[in-house]
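The structure under discussion appears below in the form of structure tokens.
There are 2 protein chains.
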Amino acid sequence: MIYSYMQNGVLTLVDYLNIFKALSDENRLRILLMLRRRSLCVCEMHEVLNIALSTLSAHLKLMKNTGLIVDEKDGRWVIYSLSQNTYLHELLETLEKQLRDNRTIESDRAIISQITRELCAYKLKESARKK
Amino acid sequence: MIYSYMQNGVLTLVDYLNIFKALSDENRLRILLMLRRRSLCVCEMHEVLNIALSTLSAHLKLMKNTGLIVDEKDGRWVIYSLSQNTYLHELLETLEKQLRDNRTIESDRAIISQITRELCAYKLKESARKK
DNA sequence: TCTATATTTCGTATATTATAGAAACATATT
DNA sequence: AATATGTTTCTATAATATACGAAATATAGA
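Chains as they are written, first to last, in the working numbering: chain A, 582 to 712; chain L, 582 to 712.
Next comes the structure, spelled out in structure tokens:
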């Protein structure tokens, strides 16, 4: 899916609707706030969110299509980052300030400050082995 | 439904999710941008949007619950206005600038500059009579 | 008090979205 | 080339959202 602003830089009404829709899901908002700290691979986000990888992948695809995040490959890993969009960054900064005492957001931050790609990949492999 | 920020002024994560959800529907966004011009009664919004009154009423209820709009009674009319919320007003100002050339938004503004409550109520009454 | 009228609620149909598991895919490493 | 592994796609299902028409509600005015 290609959005108009990807071609000429101007966002249409539908672009905005899609952006607001993307922001209206708890898992997606948690991902965006985590990405404010640092870029993350899929397995790291999976470690934090505890949802199926297929579900997570769908959320990432949606936000990528909406232009909120970008991805790049690093070996077998896919690393996601926030888009270079001033308005998005300001919005997330405001949100983070307002949600300073939110337990979930606070916990997410604590977790990503401790985990590594290698560790998450290992845990994912182990949990798959048990099945 | 009562949201937490109505009691202590602080918005929770769920409050934000609901606000973004409220902003992610075209009809609701059109209503909010119209209300930036002036307060409107239900029949005026119906005249512009051309959706069923029951649908319109549901949208208004949702935005009222989310704290984006407020209503007051004036005789048989119910008049809706934007909430006194600085962040909401700034957000809508940004949106309106970005959507300056949007035909729908432009047309909505043109219509509300011409209509009156009395006219819309009359038209509504007439269309009901035909059924 | 009865009537007209502006709005809301209710019941219901349809469309969209979030979710998980299984299978498929892509690529680094052996 | 074969294998291991990180990610995505496919499929089905449950939950949620949007829509309408009909009925109910609230209130101004006769």
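Where a beta carbon is used, it is the ideal one built from N, C-alpha and C, also for glycine.
As the structure is a computational prediction, the values presented were derived from the model and not from experiment.
Exercise. Ile696 (chain L) and Glu653 (chain L) look like a contact to me (Cβ under 8 Å); what is the Cβ gap, rounded to whole Å?
Worked result: At roughly 19 Å, the Cβ-Cβ gap does not stay under 8 Å, so Ile696 (chain L) and Glu653 (chain L) are not in contact.
Exercise. Looking at chain L, which residues of the stretch 674-693 of chain A have a Cβ within less than 8 Å of any of its Cβ atoms?
Worked result: Thr675, Leu676, Gln679, Leu680, Asn683, Thr685, Ile686
For this session: Reducing DSSP to helix, strand and coil, say where Leu680 (chain L) ends up.
Result: coil
For this session: Return the Cβ separation of Arg618 (chain A) and Ile693 (chain A) in integer angstroms, given the expectation that the two are a contact with Cβ distance under 8 Å.
Result: 6 Å
Problem set entry | Range of the contiguous beta strand (DSSP E) that encloses Ile600 (chain A) | Not the beta strand (DSSP E): Ile600 (chain A) falls in the alpha helix (DSSP H), residues 594-604.
Exercise. Using a Cβ-Cβ distance under 7 Å, would Ser726 (chain A) count as near chain L?
Worked result: The structure shown does not extend to residue 726 (chain A), since chain A is modelled only from 582 through 712, so no value can be given for it.
Exercise. Does any residue of chain A bring its CB to less than 7 Å from the CB of Lys642 (chain L)?
Worked result: no
Exercise. Are the C-beta of Ser605 (chain A) and some C-beta of chain L separated by less than 7 Å?
Worked result: yes
Exercise. Within 7 Å (strictly less), CB to CB, does Lys602 (chain L) reach chain A?
Worked result: yes
Problem set entry | Interfacial residues, the stretch 607-639 of chain A to chain L, with Cβ spacing under 8 Å | Glu607, Leu610
For this session: Please work out which residues of its chain come closer than 7 Å, Cβ to Cβ, to Ser620 (chain L), disregarding the five sequence neighbours upstream and downstream, and give them in chain order.
Result: Ile660, Tyr661, Ser662
For this session: Determine the direct distance from the alpha carbon of Leu669 (chain L) to that of Arg657 (chain L), and round the result to whole angstroms.
Result: 28 Å
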